[in-house]
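Encoded as structure tokens, the structure appears first; notes follow it.
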Amino acid sequence: MALRFGTRHTMYHAHRLIDLKYFNNYSLSSFMSADNLDANFTDDEGEYRYQQNLTNVDILAFEEALNADNHATEESVISRASSVANLEYPHAKRKRHKPVVAERVAGSVPFEATNSLSFQVLRYPFLFFIMLWLAILSILYMIVRLSVLVSEQILANTAERRKLMAKLQSATNYDDYVAKAKEVDAQLGLDEWKREDRSSEYDWRTLRRLKANLRRLRLEENFEELMVVLQTCVKSNFAGIENPILYSQCYYGTKQLIQDYIDEVVASIKAITETDKVAVEEKRIFFKIVSRNYGKTALALSGGASFCYNHYGVLKALLENDLLPNVMSGTSGGGIIAALATTRTNKELLSLLTPKLAKRINAADGKTMLDWLKQWWATGVIFDPITLARKAQWWTLGSTTFQESFERTGKVLNISTTPHEMHSSEVVCNHITAPNCCIWSALLASAAVPGVLKPVVLMEKDRKTKKIRPFSFGSKWQDGSLRSDIPLQSLNAYFNVKFTIVSQVNPHVLLWFYKSRGDVGRPVPRPMGKSFRGGFLPSYFENLIKLEGIKWLKMMKDFQIIPNFLESDWSDVFLQRFDGTITIFPKIKIADYFDLLGDPTEEQLAQLIANAEHVTYPKLLFIRNRLEMERAIERGRKVTRNTANDVNQTSSSEDLDDDDNEYADSQTPFMGLRHRSI
Numbered sequence: 001m002a003l004r005f006g007t008r009h010t011m012y013h014a015h016r017l018i019d020l021k022y023f024n025n026y027s028l029s030s031f032m033s034a035d036n037l038d039a040n041f042t043d044d045e046g047e048y049r050y051q052q053n054l055t056n057v058d059i060l061a062f063e064e065a066l067n068a069d070n071h072a073t074e075e076s077v078i079s080r081a082s083s084v085a086n087l088e089y090p091h092a093k094r095k096r097h098k099p100v101v102a103e104r105v106a107g108s109v110p111f112e113a114t115n116s117l118s119f120q121v122l123r124y125p126f127l128f129f130i131m132l133w134l135a136i137l138s139i140l141y142m143i144v145r146l147s148v149l150v151s152e153q154i155l156a157n158t159a160e161r162r163k164l165m166a167k168l169q170s171a172t173n174y175d176d177y178v179a180k181a182k183e184v185d186a187q188l189g190l191d192e193w194k195r196e197d198r199s200s201e202y203d204w205r206t207l208r209r210l211k212a213n214l215r216r217l218r219l220e221e222n223f224e225e226l227m228v229v230l231q232t233c234v235k236s237n238f239a240g241i242e243n244p245i246l247y248s249q250c251y252y253g254t255k256q257l258i259q260d261y262i263d264e265v266v267a268s269i270k271a272i273t274e275t276d277k278v279a280v281e282e283k284r285i286f287f288k289i290v291s292r293n294y295g296k297t298a299l300a301l302s303g304g305a306s307f308c309y310n311h312y313g314v315l316k317a318l319l320e321n322d323l324l325p326n327v328m329s330g331t332s333g334g335g336i337i338a339a340l341a342t343t344r345t346n347k348e349l350l351s352l353l354t355p356k357l358a359k360r361i362n363a364a365d366g367k368t369m370l371d372w373l374k375q376w377w378a379t380g381v382i383f384d385p386i387t388l389a390r391k392a393q394w395w396t397l398g399s400t401t402f403q404e405s406f407e408r409t410g411k412v413l414n415i416s417t418t419p420h421e422m423h424s425s426e427v428v429c430n431h432i433t434a435p436n437c438c439i440w441s442a443l444l445a446s447a448a449v450p451g452v453l454k455p456v457v458l459m460e461k462d463r464k465t466k467k468i469r470p471f472s473f474g475s476k477w478q479d480g481s482l483r484s485d486i487p488l489q490s491l492n493a494y495f496n497v498k499f500t501i502v503s504q505v506n507p508h509v510l511l512w513f514y515k516s517r518g519d520v521g522r523p524v525p526r527p528m529g530k531s532f533r534g535g536f537l538p539s540y541f542e543n544l545i546k547l548e549g550i551k552w553l554k555m556m557k558d559f560q561i562i563p564n565f566l567e568s569d570w571s572d573v574f575l576q577r578f579d580g581t582i583t584i585f586p587k588i589k590i591a592d593y594f595d596l597l598g599d600p601t602e603e604q605l606a607q608l609i610a611n612a613e614h615v616t617y618p619k620l621l622f623i624r625n626r627l628e629m630e631r632a633i634e635r636g637r638k639v640t641r642n643t644a645n646d647v648n649q650t651s652s653s654e655d656l657d658d659d660d661n662e663y664a665d666s667q668t669p670f671m672g673l674r675h676r677s678i
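Position 325, counted from 1, in the sequence shown is what the UniProt record's numbering calls 325; the numbers after and before it change by one each time, with no gaps.
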């Protein structure tokens, strides 16, 4: 394929040739076909020439934006086109900047307080003693965790249990895993727990009555009363049925009452969808109400350097079982994988999730730790933004914007970014907040870890000319993990997300993650899960030590005791929330921490994908139960809209304009709907 451009001085006036509207069949398949992975890498010189031609226009515009303020003065007027990141390329030599203590986020002490004599005298002694105490707490924490490990692996892990666990690990796919997990539950006597309705973890009495009422109303075809009851019970975590502990008592399954209730709700929603005894307008309002009440499901991929490659296995397990949510978020390395997943259709994505994808993972370029140290000492960062921008083009289908990606696949991409300026709050880029922003520029910003990549400028595409230019007044942006690795609040605000699947691989988080009562599909290795991991005391002290550490970290943040390091505020790195309704953690070895910035080989990526698939399998039933109800509601909304259009109900059609996008109702207040009193 040959893409030709004009001379350099006319490049910025040309339309972007890789806009999705102008993709020909060959160029689009080059981005997405798994077969082309081999073809693209058989000729290194040809591949280099292909990438150069494909991205020259936009990359040169990005380079111009990065260097735009080199000749600017401090008195320059800020404008979208001229005031951009203070980032030089190429780096002549390292420039060390002295951080300026400024008023930070809301809730911190005023700037004047930092000038007090007591603050200046006591700040660093306090910092020393607090850090010493945190180090002692860390040692104590590791001792507690080791005691739990010894208890689980030696005392509670019998020969029979080890044999059963080996059987689970040998599963070749999800169906095989389910069959073997059921055998393990039967041999360990866990099936009795599933059949027993009683439990203190959910309102089983209400659920039992409600299931019977739903079934009766559905069989009687009393749809008006059935809709009233469903409006009451179709809510996120109604009666505690989405309590993760209810899925943590056995290797597959939950209470049979919960399973029967979910099946009955789905059957009732289907009955309302298919009946013609209820007016279309009444059904439309009903489905919008229950959709708003129930909310959406989202997949969040954390940052984590090379640990992020585990996300591929999570995606594959969800995709092969038709459980991949349409709303996804990603931060840093997780953002790159989320962009790959949302810019491709599910069919295209599945063909790419193979070990051959390792050929596209080339950020490190085979450099050693010594090479990175030399680069960091010379320039202050490890990676060059222009090089990474060029490499990011394949993952994002060129300079595709968030809006273009959403229109092409119907999937919602969210990328967390943190402003380099400490006064501003973090921003989650998506097709609502930044519709014309180029995805690759948001990925670079989200991956701009201080000391690894300098803050960069977000770039947006002009709708008419297709040229790209600095976005958000040329402000600089950096790693989203600094403040919002998992943007739960933003997902809820913009898309009504009430159920999150988090694939968490942050190196500093994995060390502290602990489920005292077992995890979904991974019960405590004791009879019926009635005890804590390692016993009550180890679990108690584990939580106590962790809370003590969080207390002192919060104190250091509130009183600004932590100095800025690499011109960034690190106070939220440990204080933010890192988990979701379901949290998937990969199996990480200590040796993996010594290769945090390396690129995997095909063999390594194959192993990472397989391992991540296995840790995802235990969570799939929980996810399936959630998505069955959610998708039943969306099918009802879709059928109702189509029916309203077929019968030409003008008033309803006008109202339905806002409903054509299933995420539109989360962008505006949910008001003005007529519904029955409950």
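Cβ atoms here follow ideal geometry from the backbone N, Cα and C, with glycine treated the same way.
Owing to the predicted nature of the structure, the values given are computational and were not obtained by experimental measurement.
(request) Can you tell me the Cβ-Cβ gap for M328 and A305, rounded? I've got them flagged as a contact below 8 Å. (result) Contact between M328 and A305 does not hold, since their C-beta atoms are separated by about 20 Å, which reaches or exceeds 8 Å.
(request) Report the three-state DSSP secondary structure of I562 (helix, strand or coil). (result) Coil at I562, not helix or strand.
(message) Taking 7 Å as the threshold (C-beta atoms), are T331 and K411 in contact?
(response) Not a contact, by the Cβ cut-off of 7 Å.
(request) Could you say which of F559, Y174, G334, I582 lies nearest to I245 if we only look at CA atoms? (result) Relative to I245, the option among F559, Y174, G334, I582 whose CA is nearest is I582.
(message) Our contact map puts T409 next to R463 with C-beta atoms below 8 Å; I'd like the distance itself, whole angstroms only.
(response) In this structure, T409 and R463 do not form a Cβ contact; the two beta carbons are roughly 20 Å apart against a cut-off of 8 Å.
(message) Assuming R145 is part of the alpha helix (DSSP H), what are its boundary residues?
(response) Note, R145: alpha helix (DSSP H), 117 to 150.
(request) Put D519 into one of helix, strand or coil per three-state DSSP. (result) Strand, per DSSP.
(message) Does F499 come out as helix, strand or coil in the three-state DSSP assignment?
(response) Note: F499 maps to strand in three-state DSSP.
(message) For R626 and P586, what's the separation of their Cα atoms in angstroms?
(response) Taking the straight line from one Cα to the other gives about 22 Å.
(request) Count the C-beta pairs between the stretch 354 to 370 and the stretch 602 to 612 that are closer than 8 Å, then say yes if the count reaches three, no if not. (result) Yes, the stretch 354 to 370 touches the stretch 602 to 612.
(request) Determine, using beta-carbon pairs with one atom in the stretch 244 to 263 and one in the stretch 171 to 186, whether at least three such pairs fall under 8 Å. (result) In the pairwise beta carbon analysis, the stretch 244 to 263 is classified as touching the stretch 171 to 186: at least three pairs are separated by under 8 Å.
(message) Can you tell me whether W193 is buried or exposed? The criterion is at least 16 other CB atoms within 10 Å of its CB, across all chains shown.
(response) Answer is buried; the Cβ neighbour count reaches 16.
(message) Give the list of continuous alpha helix (DSSP H) stretches no shorter than 4 residues that lie fully inside the stretch 203 to 244.
(response) The qualifying runs are 204 to 220, 223 to 233.
(message) If the criterion is Cβ atoms closer than 7 Å, does the pair I623 and L323 meet it?
(response) Annotated as proximal: I623 and L323, with beta-carbon spacing under 7 Å.
(request) Have a look at L168, E196, D203 and flag the residue whose alpha-carbon is nearest the alpha-carbon of Q187. (result) Closest by alpha carbon: L168.
(message) Please return the same chain residues whose Cβ sits closer than 8 Å to the Cβ of K163, not counting the five positions on each side in sequence.
(response) Spatial neighbours of K163 in its own chain (CB-CB distance under 8 Å, excluding positions within 5 residues in sequence) are not present.
(request) Please work out which residues of its chain come closer than 8 Å, Cβ to Cβ, to Y294, disregarding the five sequence neighbours upstream and downstream, and give them in chain order. (result) Excluding positions up to five away in sequence, the list reads V234, K235, S236, K498, M629, E630, I633.
(message) Taking the alpha carbon of C308 as the reference point, which residue from D185, N611, I550 has its own alpha carbon closest?
(response) For the residues D185, N611, I550, the minimum Cα distance to C308 belongs to N611.
(message) Check for me: the alpha helix (DSSP H) holding A298 runs from which residue to which?
(response) In this chain, A298 is not harboured by any alpha helix (DSSP H); it is covered by the beta strand (DSSP E) spanning 296 to 301.
(message) With three or more beta-carbon pairs closer than 8 Å as the criterion, would you say the stretch 223 to 231 touches the stretch 276 to 285?
(response) Yes, the stretch 223 to 231 is in contact with the stretch 276 to 285.
(request) Take D203 and list the residues in its own chain whose beta-carbon comes closer than 8 Å to its own, dropping the five residues that flank it on each side. (result) Closer than 8 Å at the Cβ level, and outside the excluded window around D203, lie A239, G240.
(message) For G580, list the residues DSSP reports as bridge partners.
(response) Among the bridge pairs identified by DSSP, G580 is matched with none.
(request) Grab me the residues of S151's own chain with a C-beta within less than 6 Å of its C-beta, minus the 5 sequence neighbours each way, in chain order. (result) Once the five neighbours on either side are set aside, the close Cβ partners of S151 are G534.
(request) Note down the Cα distance separating H431 from A442, rounded to an integer number of angstroms. (result) A straight-line Cα-Cα distance of about 12 Å links H431 and A442.
(request) Going by CA-CA distance only, name the one from N506, R215, N326 that's closest to I272. (result) Checking every option, the nearest Cα to that of I272 belongs to R215.
(message) Whole angstroms are fine: how far does the CA of I336 sit from the CA of C437?
(response) Distance between the alpha carbons of C437 and I336 is about 15 Å.
(message) In the DSSP assignment, the alpha helix (DSSP H) including K359 goes from what residue to what residue?
(response) K359 -> no alpha helix (DSSP H), and no H or E assigned at all.
(request) Would you check if the distance between the CB atom of I588 and the CB atom of L510 is smaller than 7 Å? (result) Yes.
(request) Pull up the distance between the alpha-carbon of A434 and that of L488, whole angstroms please. (result) Distance between the alpha carbons of A434 and L488 is about 18 Å.
(request) Can you check DSSP and say which residues form a bridge with S329? (result) A300, N414, per the DSSP bridge assignment.
(request) Give a yes or no on whether the C-beta atoms belonging to W395 and L340 are separated by under 7 Å. (result) Against a cut-off of 7 Å, the Cβ pair of L340 and W395 comes out as a contact.
(request) Below 8 Å on the Cβ atoms is my guess for K461 versus T417; work out the distance and round it to an integer in Å. (result) Contact doesn't hold; Cβ gap of about 17 Å is too wide.
(request) Please classify R469: does DSSP put it in a helix, a strand, or coil? (result) Correct three-state label for R469: strand.
(request) Give a yes or no on whether the C-beta atoms belonging to S490 and V573 are separated by under 7 Å. (result) Result no, Cβ atoms of S490 and V573 do not sit closer than 7 Å.
(request) Could you tell me whether the Cβ atoms of F471 and L453 are closer together than 7 Å? (result) Going by C-beta atoms, F471 is not nearer than 7 Å to L453.
(message) Can you look up W193 in the DSSP assignment and give me helix, strand or coil?
(response) W193 falls in the helix class under three-state DSSP.
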